[in-house]
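Enquirer:
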Amino acid sequence: MNDSIQKELQLTDERWQAIIHNDAAFDHQFLYGVRTTGIFCRPSCKSRPPKKENVRIFGSAAQAIYETFRPCKRCKPNGAQIPTEEWVDQITQYMDKHYVNTITLEALSDQFHGSPYHLQRTFKRIKGVTPVEYVQRKRINAAKAYLLETNKSLDQIALAIGFSSTSYFVTLFKKMTKQTPTHFRRFYMSMPNIEDDKEDSLKLQYTRNKGTSRDEQRTYLLGPTQSMPPNQKCLRQ
1 MNDSIQKELQ LTDERWQAII HNDAAFDHQF LYGVRTTGIF CRPSCKSRPP
51 KKENVRIFGS AAQAIYETFR PCKRCKPNGA QIPTEEWVDQ ITQYMDKHYV
101 NTITLEALSD QFHGSPYHLQ RTFKRIKGVT PVEYVQRKRI NAAKAYLLET
151 NKSLDQIALA IGFSSTSYFV TLFKKMTKQT PTHFRRFYMS MPNIEDDKED
201 SLKLQYTRNK GTSRDEQRTY LLGPTQSMPP NQKCLRQ
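Heads up, the sequence shown is in UniProt numbering, so the first residue is 1 and it goes up one at a time.
#1: List in chain order: all unbroken alpha helix (DSSP H) runs of 4+ residues lying wholly within the UniProt domain "HTH araC/xylS-type" (89 to 187).
#2: If distances are taken between C-alpha atoms only, which option among Y66, A62, W87 comes closest to K73?
#3: Is the Cβ-Cβ distance between Q90 and F112 less than 8 angstroms?
#4: I'd like the list of long-range same chain contacts for T166, defined as Cβ closer than 7 angstroms, with 5 residues on each side in sequence excluded.
#5: If I'm right that F187 touches A143 with Cβ under 8 angstroms, what's the distance once you round it to whole angstroms?
#6: For R139, which option in Y168, Q63, M189, N151 has the closest C-alpha, if you only look at C-alpha atoms?
#7: Starting from P71, follow its DSSP beta bridges and name the residues at the other end.
#8: Restricting to Cα atoms, I'd like to know which of V132, G114, F123, S115 is closest to T104.
#9: Of all the options P50, I39, R35, which has the alpha carbon lying nearest to the alpha carbon of Q17?
#10: In this structure, does DSSP put R35 in helix, strand or coil?
#11: Looking at G59: is its Cβ nearer than 8 angstroms to the Cβ of L9?
#12: Looking only at its chain, what residues have a beta carbon closer than 8 angstroms to the beta carbon of S44, apart from the 5 residues adjacent to it on each side?
#13: In angstroms with no decimal places, state the Cα-to-Cα distance between P77 and R56.
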C-alpha cells in the first residue's frame, strides 16, 4: 500500500458534527464514506446526512477509492466528476436490484448525491425514460414472467412486483401493453404457435419461422434475458 493510502481514521464527535452541519472548514482534514451506498463525500456535502453507524472516515480520496468507495457526484471529493454515463449506470443497477421496493426521485437523489431535477433530466437523456418510467417497465416485465410461468393471482403478482394496489397494477399493465394481465395470460396460454396468430394482438414484433417452439415464443414475449423474478420480500408503495 503506497503512502497515499493512509490508515483509516476514527469517527470522533468533532468529525461527526462537521458532517451533520456540512462544515467546509473540515474539507481538507478528512473525507467520509457511507457503507450502504459505497459513496464518499466531503464534510461540506449538502446531501442528506447518513446514519452514524454507516460512516467511515478517510484521510484521502485515494484511500476511499482503494476501499472501493466511489466519489460523490455532488461534492466531487476527489476533485473530478465521474462520467455521466457511469453515474447513470450506477443508478440503473440500483433500480434493477430494488425495483420491487418503493423508489422515489428524492430517495435516488439522496442515494446518488445529485439534485432530483438534475438526476431526472440526466437519466432521461441517457436512457430515454425517466427513473419512474424505468421502474414501471421493470415491474411490468416481471409481471409478464409471473403471468406466464406461475398460477399466482393478480393480487399476489401485484404485491410481488411492488404494487400495493391491484387496480393500479392492472391499469398500468393495460396502459403499457394494450391489454389486461388476464387477457395477456389467456392469450399466451391458448396460443398453439406464433405463426397462427394473424392479428398479433400483443402488438409485438414476432419472427414467424415455421416450427417456432414454445420457449422461443416466450422469448419474443419477454425478451431474451427476462426470467421470472426471484422470490423476495417486497415493500409496498
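Positions of the beta carbon are idealized from the N, C-alpha and C atoms, including for glycine. Only a predicted model underlies this, so the values are computations on that prediction, with no experimental measurement involved.
Expert: Taking the structure as given:
#1: List check, alpha helix (DSSP H) in window: 105 to 112, 116 to 127, 131 to 149, 154 to 160, 166 to 177.
#2: Here the closest residue by C-alpha is W87.
#3: In this structure, the beta-carbon distance from Q90 to F112 falls below 8 angstroms.
#4: So the list reads L154, D155, A158, once near-sequence residues are dropped.
#5: Their Cβ separation, rounded to whole angstroms, is 15 angstroms, which puts F187 and A143 out of contact at 8 angstroms.
#6: Taking the Cα of R139 as reference, the smallest distance to any Cα among Y168, Q63, M189, N151 is reached at Y168.
#7: DSSP links P71 through a beta bridge to F40.
#8: For the set V132, G114, F123, S115, the Cα lying nearest the Cα of T104 is the one of V132.
#9: When C-alpha distances from Q17 are compared across P50, I39, R35, the shortest belongs to P50.
#10: In the three-state scheme derived from DSSP, where H, G and I count as helix and E and B as strand, R35 is classed as coil.
#11: Taking 8 angstroms as the Cβ cut-off, G59 and L9 qualify as a contacting pair.
#12: For S44, where only same-chain residues beyond five positions count, the Cβ hits under 8 angstroms are N22, D23, A24, F26, D27, C75.
#13: In a straight line, the C-alpha of P77 is about 14 angstroms away from that of R56.
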